[in-house]
Amino acid sequence: MTARSTAAAVVMAAAALMQPSWAQDASGARLDPAQVGIAVYPGASADAGVTTLLRESLKLTAAAYRTSDGVEKVAAFYARQPGVSKMPGATREQAGFSAGCKDEYNKYMKMNVQKCGYHVTIQNPWMDMKTGKMVSDTLISIARQ
Numbered sequence: 001m002t003a004r005s006t007a008a009a010v011v012m013a014a015a016a017l018m019q020p021s022w023a024q025d026a027s028g029a030r031l032d033p034a035q036v037g038i039a040v041y042p043g044a045s046a047d048a049g050v051t052t053l054l055r056e057s058l059k060l061t062a063a064a065y066r067t068s069d070g071v072e073k074v075a076a077f078y079a080r081q082p083g084v085s086k087m088p089g090a091t092r093e094q095a096g097f098s099a100g101c102k103d104e105y106n107k108y109m110k111m112n113v114q115k116c117g118y119h120v121t122i123q124n125p126w127m128d129m130k131t132g133k134m135v136s137d138t139l140i141s142i143a144r145q
């Protein structure tokens, strides 16, 4: 892993580790992936400790999950989900998807642009922000944008 990819992984880990579906962000907003039409990877488990830490720090509405399956297998699952689109730049260590997308007219650009309501981020390894240690299971985050 290069210094640049390590730095990118750290930034993605910070953005990705949000609250589990039962938790609330600072505004009281909740995110239940099933209610917004995004499937949680089968067998993945929520990480309440890490998601609470980052929810409070980043004040985002999201849910984070962990699995022992690799990034490629998890990414293949999300690539098959309806309404979920793969974002460019996937590697063996990370992948990203957009969901809840719709075209909206931008009056300044005078054209329709796509706006997505949610992002799904998959990464392995990722940094546990509480301990500062790299973790070698796969982290899946579903975040409202």
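Heads up, the sequence shown is in our numbering, so the first residue is 1 and it goes up one at a time.
Note that the Cβ used here is the ideal one computed from N, Cα and C, for glycine as well.
### Message
Counting C-beta neighbours from all protein chains within 10 Å, is the total for residue 65 16 or more, i.e. buried, or is it exposed?
### Response
buried
### Task
Label residue 67 either buried or exposed according to how many other C-beta atoms from any shown protein chain fall within 10 Å of its C-beta, with 16 as the threshold for buried.
buried
### Where residue 8 falls: helix, strand or coil (DSSP)
Note on residue 8: pLDDT 41, under 50, position unreliable in the model; the coordinate value appears next. Of the three classes helix, strand and coil, the one that applies to residue 8 here is helix, per DSSP.
### Message
According to DSSP, is residue 61 part of a helix, a strand, or is it coil?
### Response
Coil.
#### Entry: residue 104 - partner residues in DSSP beta bridges
113
### Message
Within 10 Å of its beta-carbon, does residue 112 have 16 or more other beta-carbons around it, so buried, or fewer, so exposed?
### Response
exposed
### Message
Mapping the DSSP letters down to three states, classify residue 70 as helix, strand or coil.
### Response
coil
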